[in-house]
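Its first residue numbered 2, the sequence shown is counted upward by one per residue in this note's numbering. The beta-carbon is built from N, C-alpha and C at its ideal position, and this holds for glycine as well. Nothing here was measured: the structure is a model prediction, and the numbers come from that model. To start, the structure itself, in structure tokens.
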Amino acid sequence: MFLERWLDWLARTEWSIALHESQYVWPFTESLHVLTLTLFAGSAIMLDLRLLGRAFTNIPVTAFTARLLPWTHRGFVVMVSTGVLLFYAQPLTYYHSLFFRLKLLCLAIAGINILVFHTRTERSVASWDVSLRPPRAARVAATVSLLAWASVIVSGRLIAYNWFDCELHQQPAWVVWAAGCKAPAP
Numbered sequence: 002m003f004l005e006r007w008l009d010w011l012a013r014t015e016w017s018i019a020l021h022e023s024q025y026v027w028p029f030t031e032s033l034h035v036l037t038l039t040l041f042a043g044s045a046i047m048l049d050l051r052l053l054g055r056a057f058t059n060i061p062v063t064a065f066t067a068r069l070l071p072w073t074h075r076g077f078v079v080m081v082s083t084g085v086l087l088f089y090a091q092p093l094t095y096y097h098s099l100f101f102r103l104k105l106l107c108l109a110i111a112g113i114n115i116l117v118f119h120t121r122t123e124r125s126v127a128s129w130d131v132s133l134r135p136p137r138a139a140r141v142a143a144t145v146s147l148l149a150w151a152s153v154i155v156s157g158r159l160i161a162y163n164w165f166d167c168e169l170h171q172q173p174a175w176v177v178w179a180a181g182c183k184a185p186a187p
């Protein structure tokens, strides 16, 4: 498979090896990833709670998002940048991780949710900007956001565990398939 060969090549590059084996850069990058995740997730949760009508209801949605979204965006940019570096340091390990694949799926769901919210639901914000309880579409978007980002965080944390590692021991057929492991030779 081309992708696996390319990831294997990527893992053997000088910079990938140096990053993974670094005594200071790897843990710093991982720590920065987690810290900016908290900035991003914290601000996203606050926005979602406002959209659910559960908190900050005395602040108009547009004023609240104007104050909070710049922090959300900054956290997201650094979080994604450090995440790409972490992937770059161990591309094959992440590629074969079921939890990494789940994290990517949840990221895609969260991204689609954001796109739908900003291109459809938010268009009518003027009519519900000061409402204590925003419309159903906004509440659904907030609920999907909370679930998707919580799943991203949990699956991201579970990447560190190798319960389904292709290299450790014989895995059930569904794990071999889902993780893209190479089936052992008979």
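Within the same chain, and ignoring the five residues on either side of Ile-160 in sequence, the residues whose Cβ sits closer than 8 Å to its Cβ are Tyr-95, Ser-98, Phe-100, Phe-101 and Lys-104. Asn-114 carries a helical assignment under DSSP once its states are collapsed to helix, strand and coil. Annotation: the continuous alpha helix (DSSP H) that includes Ser-156 extends over 137-159.
In the structure shown, the three-state DSSP call for His-97 is coil. DSSP places Met-2 outside any alpha helix (DSSP H), giving it a letter other than H or E.
Assignment of Pro-61 by DSSP, reduced to helix, strand and coil, places it in the coil class. Under the criterion of beta carbons closer than 8 Å, Asn-114 and Ser-82 do not qualify as touching, at roughly 22 Å. In the structure shown, Val-131 adopts coil according to DSSP, grouped into three states. In this structure, DSSP gives Pro-71 a helical state, which the three-state scheme calls helix. With respect to the C-alpha of Arg-6, the residue from Ile-18, Phe-88, Leu-93 and Cys-107 having the closest C-alpha is Leu-93. Annotated as proximal: Ala-90 and Trp-27, with beta-carbon spacing under 8 Å.
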